[in-house]
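Engineer: From first to last, the protein sequence lines are chains A and G. Heads up: the first sequence is residues 95 to 471, going by the numbering used here. Heads up: the second sequence is residues 604 to 1080, going by the numbering used here.
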Amino acid sequence: MVIGAGVVGAACAFYAARAGLSVAVIDRGPVAGGTTGAGEGNLLLSDKQPGPELELAKVSALLWQELADELGAVFEYEPKGGLVVAADPAGQLALAAFAAKQRAAGVTAHEVTADRLAEYEPHLAPGLAGGFHYPEDAQVQPALAAAHLLRAAVRAGAALHLGERVTALLTGPGGAVRGVRTDRRELAAGAVVNAAGTWGGQIARLAGVELPVLPRRGFVLVTEPLPRVVRHKVYAADYVADVASGSAALQSSGVVEGTPSGTVLIGATRERVGFDRTVSAPALGRLARQAAALFPFLADVRVLRAYRGFRPYLPDHLPAIGADPRAPGLLHACGHEGAGIGLAPVTGLLIAEQLTGRRLSTADPVDTAPFRPDRFA
Amino acid sequence: MPTSPSDADPCGPYDLAVIGAGPAGLAGAVAAADQGLRCALIDAGARPGGQYYRHPAPGLRAARPDRLHHHWPVFAELADRLAAHRAAGRISYLPHHHVHLLERREPWRLHAATGADGSGRATLRAAAVLLATGAYERQLPFPGWTLPGVVTAGGAQAMLKAGLVLPGRRIVVAGSGPLLLAAAASLTAAGAEVPAIVEASTYLGYARRPGVLAATPGKLAEGVAHGAALARHRVRLHRASAVVEAHGGRGVAPAGGWERVEAVTVARLDADWRPVPGTERRIECDALAIGHGLVPQLELATELGAATRVVPDGTVALRVDARQLTSVPGLWAAGETCGVGGAELALAEGELAALAIAGRAPVAGLLSRRRRLRAFAELMAAAHRPGAGWSDWLRPETEVCRCEEVTAGAIGEAVERLGATDARTVKLLTRAGMGWCQGRMCSSAVACLAGMAEPVADSRPLSGPVRLGDLAALPED
Ligand SMILES: Cc1cc2nc3c(=O)[nH]c(=O)nc-3n(C[C@H](O)[C@H](O)[C@H](O)COP(=O)(O)OP(=O)(O)OC[C@H]3O[C@@H](n4cnc5c(N)ncnc54)[C@H](O)[C@@H]3O)c2cc1C
Ligand SMILES: Cc1cc2nc3c(=O)[nH]c(=O)nc-3n(C[C@H](O)[C@H](O)[C@H](O)COP(=O)(O)OP(=O)(O)OC[C@H]3O[C@@H](n4cnc5c(N)ncnc54)[C@H](O)[C@@H]3O)c2cc1C
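#1: Could you tell me the alpha carbon to alpha carbon distance between leucine 1074 (chain G) and serine 374 (chain A), rounded to whole angstroms?
#2: Taking buried to mean at least 16 other C-beta atoms within 10 Å of its own C-beta, is proline 321 (chain A) buried or exposed?
#3: Taking 7 Å as the cut-off, is the CB of tyrosine 655 (chain G) close to at least one heavy atom of ligand 2?
#4: When DSSP labels each residue in this structure, what does tryptophan 993 (chain G) get in the three-state scheme?
#5: For ligand 1, is there any heavy atom lying closer than 7 Å to the beta carbon of tryptophan 158 (chain A)?
#6: Cβ of arginine 728 (chain G) less than 8 Å from any chain A Cβ?
#7: Provide the residue span of the beta strand (DSSP E) that contains arginine 712 (chain G), from first to last.
#8: Which of the residues in the stretch 243-274 of chain A, read from start to end, lie with their CB under 8 Å from any CB of chain G?
#9: Taking Cβ positions only, does glycine 908 (chain G) come closer than 8 Å to chain B?
#10: For the candidate residues A:Pro459, A:Ala191, A:Phe369 and A:Leu378, whose alpha-carbon lies nearest to that of arginine 311 (chain A)?
#11: Identify the contact partners of aspartate 394 (chain A) in chain G, using a Cβ-Cβ distance below 8 Å as the criterion.
#12: Exposed or buried, what is alanine 636 (chain G) when buried is set at 16 or more other beta-carbons lying within 10 Å of its beta-carbon?
#13: By the 7 Å beta-carbon criterion, what residues does the stretch 347-365 of chain A contribute toward chain G?
#14: Determine the burial state of valine 207 (chain A): buried for a count of at least 16 other Cβ atoms within 10 Å of its Cβ, exposed for fewer.
#15: Enumerated in chain order, which unbroken segments of the alpha helix (DSSP H) with a length of 4 residues or greater are wholly contained in the stretch 749-803 of chain G?
#16: Could you name the residues of the stretch 384-410 of chain A whose beta carbon sits closer than 9 Å to any beta carbon of chain G, in the order they occur along the chain?
#17: Residues of the stretch 212-245 of chain A in Cβ contact with chain G at a cutoff of 9 Å, in chain order, please.
#18: Which residues in chain G have a C-beta closer than 8 Å to the C-beta of proline 376 (chain A)? List them in chain order.
#19: Near proline 744 (chain G), what residues of its chain come up, given a Cβ to Cβ distance below 7 Å and the 5 sequence neighbours on each side ignored?
#20: So with Cβ pairs under 8 Å, would you call proline 439 (chain A) a contact of chain G?
#21: Would you please verify whether the beta carbon of valine 323 (chain A) is less than 8 Å from any beta carbon of chain G?
#22: Helix, strand or coil for tryptophan 935 (chain G) per DSSP?
#23: Out of curiosity, what's the CA-to-CA distance linking arginine 988 (chain G) and isoleucine 800 (chain G)?
#24: Relative to ligand 1, is the shortest distance from any of its heavy atoms to the C-beta of proline 146 (chain A) smaller than 7 Å?
#25: Taking just the CA atoms, how far does glycine 185 (chain A) sit from glycine 221 (chain A)?
#26: Going straight from the alpha carbon of alanine 252 (chain A) to that of valine 119 (chain A), what length do you get?
#27: Using the three-state DSSP reduction, which class does phenylalanine 745 (chain G) fall into: helix, strand or coil?
#28: Can you pull out the residues from the stretch 147-168 of chain A whose beta carbon lies closer than 9 Å to at least one beta carbon of chain G?
#29: Under 8 Å, Cβ to Cβ, is there at least one residue of chain A near proline 605 (chain G)?
#30: Per DSSP, what are the beta-bridge partners of proline 878 (chain G) in this structure?
#31: Got a sec, what are the start and stop residues for the beta strand (DSSP E) phenylalanine 226 (chain A) sits in?
#32: Could you check whether the stretch 434-441 of chain A touches the stretch 150-170 of chain A, counting it as contact only if at least three pairs of C-beta atoms, one from each stretch, sit closer than 8 Å?
#33: With a threshold of 8 Å between beta-carbons, can arginine 371 (chain A) be considered close to chain G, or not?
#34: Does any residue of chain A have a CB that is nearer than 8 Å to the CB of arginine 1034 (chain G)?
#35: Would the C-beta of proline 406 (chain A) count as close to ligand 1, meaning under 7 Å from any of its heavy atoms?
What follows is the structure, given as C-alpha cells:
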C-alpha cells in the first residue's frame, strides 16, 4: 500500500507492481496534486556534490532514460544538458574545483570558456566569466511523469484510490503496520510505503514514529511561449551553495530553461516559511532579476503566470528511504526536497528491492545507510 | 487619519486604494472621499464605469450613450462627484493601471502595469484596499464556438456600449442568465434582428421564492422593460434550450472569403441540461452572442488567503462580513467580487464598504437594500446554475481551452486514464488553462469535465501578464 500519488509514490508503485507485488496507491487528492504538480522537472547531476545524494542521482538518471525508452515520449523527457555559468573569474574557479570533485565521482562536466558560451547559449548576457556544461542533466514534465508511471503500474495490476485520505495506520501484534484506515474504510496490506512527500511526517506520526519532514517554499515564473531561445538548463554558480544551505532566508538560483511548449521556466526560490501560500513580491522580483541577468532579452518578455510549491525537506537534506526499524511493515520514501522528481525512480527501485528482497536492476547497488529513516532519532 | 490633498504624491500613501472603477469601485471611492479620505481609484480600462456603465470614447462623439443604459443618471451623478473630488485632490483617478500583484504590508502595496499597452509600471501605497474588480464571463464550449461571428453575450454588450458596433445583423442570443435579456434588448435597440433568445434554464428558480422577487421591484421593472422591448421586436424566447452547435459557412461573401457562423442548432434540454435527442432545429444567423453568467474575479484577494464561499450558480466569491470586510484585515470587497449581483447591488456595497473604511455607520436603508438585492442575486444564481449534463453536447474534437487548443477528448483522457480529478491536474496534464487568459475562459468548463463536486477559486499569483523587467523592478523587501 503506497500512500501518495506524487512522482515518488508513482515510482514505488511502478517498480513494485512490475516486480510482481500486489500494489495499491492511495491519495487524498488527484495524481500529482501535491508538490509534484508544483515543481519543475529538472533531473540534475550538476548541482550535487559528491556524496550519497549524487550516488542516488546517478542511478536515477539512468533509470529515467530507461523509463523514457520504455514508456515513450509521454512525459517530455529531454536529455538537454545543463550549463552552469559564473559571473566572475573567482566564480569560474569555484566551479572548476566543484566540477573536478564531481568528475572524480563519475559525473561528466566540460569547461566552457567565456568565448565559447555563445555556442551553447547565443542569448546569454555578455561579460560572463565562463561556465561548465553537464551533458547528463535532463528534464521531464513532473505531473505527466507521475501520471504515466501510475498508468503503467495500473496496467501491471496496481489499484489506484484517489480522493481518499489516510487517517490512521492499522497495527497488529507488536505494533507492526498492517494496512491503513481511510476516511471511507480499512484497507489491509502486508506493507505500507509512506510516499506522502511534505506530509510524510504526519504519516510517520500515525505509526508513532518521528520523521521531521518540513516544507521549504519555492516560486516559479512561467513566460509567454517563445521560439526555442534557451537550449539548456542554465543557472548561475551561486545555486550550488543555495541547495546545500540550511538557512531559512529567501534564496534563489535563477534556473532558466525552455520547455517543449515554448514557455521559459524560471525557478525557483527557497524559503522556510511553513505552508504559507501567500504570493511574495520579493521572491518573484528576485527570480526575475536573476533571469534577466542571465538572459537580458527576457526583460521584455511577458511572464504569464507564477506558481508555488512546498518541497519536503529533512534536516540533513537527504531523503528517507527504506524500512523503518521502529515500525515493522512501514517503509518511508519521502523528504526529497528539491530533487524528488530526479530521485523518484531510484527511490521506487530501492523500495521495491527491499519489499521483494531481490535485486531488480543491473545498475550499481546504492548504499542506503545514509537514508535510514530512523537516523534523526 | 485623513491626509491633506496638498501632500499629493501619485504613489501615495493613500488612505484608501480602490481597485476597479465599475459601479462598486466608483461608488466606494466617491463615498470614501465624501468622508474626507484620500483615495486612489485604479482601473485597468481607459474610462470609469466598469462593465455596466461602459461608454464610448469621447472621440466617437456618440450622441446619446445613455440610450443603452437604464441607470445613466446614476452614473452621470457619480461621474460628476468623481470630477469634483479629483479637482479637490481627494481622488487620484488612475486609468490604464492593471494591478497584477497585491502585497499585504503596512501600508499596502499595489503593483500595476500601466499605459494602454501595459509597458509602464507603478507601485502605489495605501492604508486600506477595496477590491472591486468585477467579474468575467463564464463560457461553456460547444462544437463551432470558435467560429468567427460567435461572441460572448457580455462582449456583444461591451462592443455596443463602447463603440456602438454590432457583431452581426441577425444575432442569436444564447446561454443562461439575466445578461441575455439585457444583451438582446440592446442589440435590437441598436437595429439588429434577434431571431431567438435561447436560455438553458427554465426560469423556475425565481418562482420558487416569490417573496424575494416581490421585495425587489427594481429588478422586476427591469425585466419587464426588457420583456416589453423584446416582444415589440418579436424576439422568441426558447427556455430549457441550448445552442448545441454553431455551423460555419462562407455565406454570401465572395468565394474564398472567411468562414463565419451562418446558423446554429438549438436543442431542448432536460433538467440536467442534457440535450434531448430529436428536438434539434436550425436557426439561420450571422452572429451568435453567448454566455453562461459571470465568474467573480478574485485572485488578488485569494492569493492573500482571503476566505471564499460557493455561490449557488457554481462560482466562488469572496466571503465578507456585514460591512464588506474580507477575512484579510484591511482588505474590503464590493460588487461582483462578493458574488455576481448586478450594478445596483454593486453600488450599495461600494458605498457600504467606504463608510466602514471611514469608520462611519451605514446610512439608513443601505444595509437592508444590500440584503434584499443580495437575496435576489442568490436566487438568480441558483436558477442559472449549469446542469451537469451540458457536456453531452461536446464532441471529442471540440476545443475546450482555446489558448492552448486542448480538446474535450484530451481532457477526458486525463480524467479517465491519468488520474486527474480536478481542474488543476487537468491543466498540468493537458495544458488546458495555461495560456494567455490563464483559464478565465475554460476553467469553469474544465472543472465540470474533471467531475469536481465543489468549485474552488483558480490560483493566479499574478493577476495578468507582466513584463519580466517590471517584476525585476519589484522592491527587495
Ligand atoms: C518550486 C519547486 C521546484 C522544484 N523543482 C524540482 C526540480 O527541478 N527537480 C526535482 O527533482 N525536484 C524539484 N522539486 C521537488 C519535487 O517537486 C519534490 O521533491 C517531489 O515532487 C516530491 O514528490 P513526492 O511524490 O514525494 O511528494 P508529493 O508530490 O507531494 O506527493 C505526496 C502525496 O501524498 C498525498 N498525501 C499526503 N497526506 C496524505 C494522506 N493522509 N492520505 C492520502 N494521501 C496523502 C498528497 O496528497 C500528495 O499527492 C521542486 C519543488 C518545488 C516546490
Ligand atoms: C463583459 C460584461 C458585460 C456586462 N454587461 C452588463 C450589462 O450590459 N448590463 C448589466 O446589468 N450588467 C452587465 N454586466 C454585469 C456587471 O458585471 C455588473 O452589473 C456591474 O458592472 C458590476 O459592477 P462591479 O463594479 O462589481 O464590476 P465591473 O463593472 O465589472 O467593474 C470592475 C472593474 O475593475 C477593473 N479591474 C478588474 N481587474 C482589475 C485589476 N487587476 N486592476 C485594475 N482594474 C481591474 C475592470 O477594468 C472594471 O472596470 C456585464 C459583465 C461583463 C463581464
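Where is the CB? At the ideal position from N, CA and C, for every residue including glycine. Since this is a predicted model, take the numbers as computed values, not measurements.
Structural biologist: Per the coordinate set shown:
#1: Taken atom to atom, the span from the alpha-carbon of leucine 1074 (chain G) to that of serine 374 (chain A) is near 11 Å.
#2: exposed
#3: yes
#4: DSSP places tryptophan 993 (chain G) in helix when its eight states are reduced to three.
#5: no
#6: no
#7: 711-717
#8: Residues passing the 8 Å Cβ filter: Leu244, Arg245, Leu254, Leu256 and Gly257.
#9: The displayed structure is made up of protein chains A and G, and chain B is not among them.
#10: A:Phe369
#11: Proximity of chain G to aspartate 394 (chain A) at the Cβ level (cut-off 8 Å) is accounted for by Arg1070, Leu1071 and Gly1072, in chain order.
#12: buried
#13: Ser355
#14: Valine is not the amino acid found at residue 207 (chain A); the sequence shown has threonine there. Threonine 207 (chain A) should be labelled exposed.
#15: 756-766 and 782-792
#16: Gln384, Ala385, Ala386, Ala387, Leu392, Ala393, Asp394, Val395, Arg396, Val397, Leu398, Arg399, Ala400, Tyr401 and Arg402
#17: Gln235, Pro236, Ala237, Leu238, Ala240, Ala241, His242, Leu244 and Arg245
#18: Here the neighbours are Leu1077, Pro1078, Glu1079 and Asp1080.
#19: Excluding sequence neighbours, proline 744 (chain G) sits near Leu997, Thr1001, Glu1002, Val1003 and Ala1048.
#20: no
#21: Not an interface residue.
#22: Tryptophan 935 (chain G) falls in the strand class under three-state DSSP.
#23: 18 Å
#24: no
#25: 13 Å
#26: 7 Å
#27: Correct three-state label for phenylalanine 745 (chain G): coil.
#28: Those residues of the stretch 147-168 of chain A that come within reach of chain G (Cβ to Cβ, closer than 9 Å) do not exist; the list is empty.
#29: Reliability fails at proline 605 (chain G), whose pLDDT of 44 lies under 50, so the model's placement of it is uncertain and the value that follows must be treated cautiously. Closer than 8 Å: no.
#30: G:Leu872
#31: Residue range 224-228 is occupied by the beta strand (DSSP E) that includes phenylalanine 226 (chain A).
#32: With a cut-off of 8 Å, the stretch 150-170 of chain A and the stretch 434-441 of chain A count as touching, because enough Cβ pairs lie within range.
#33: yes
#34: yes
#35: yes
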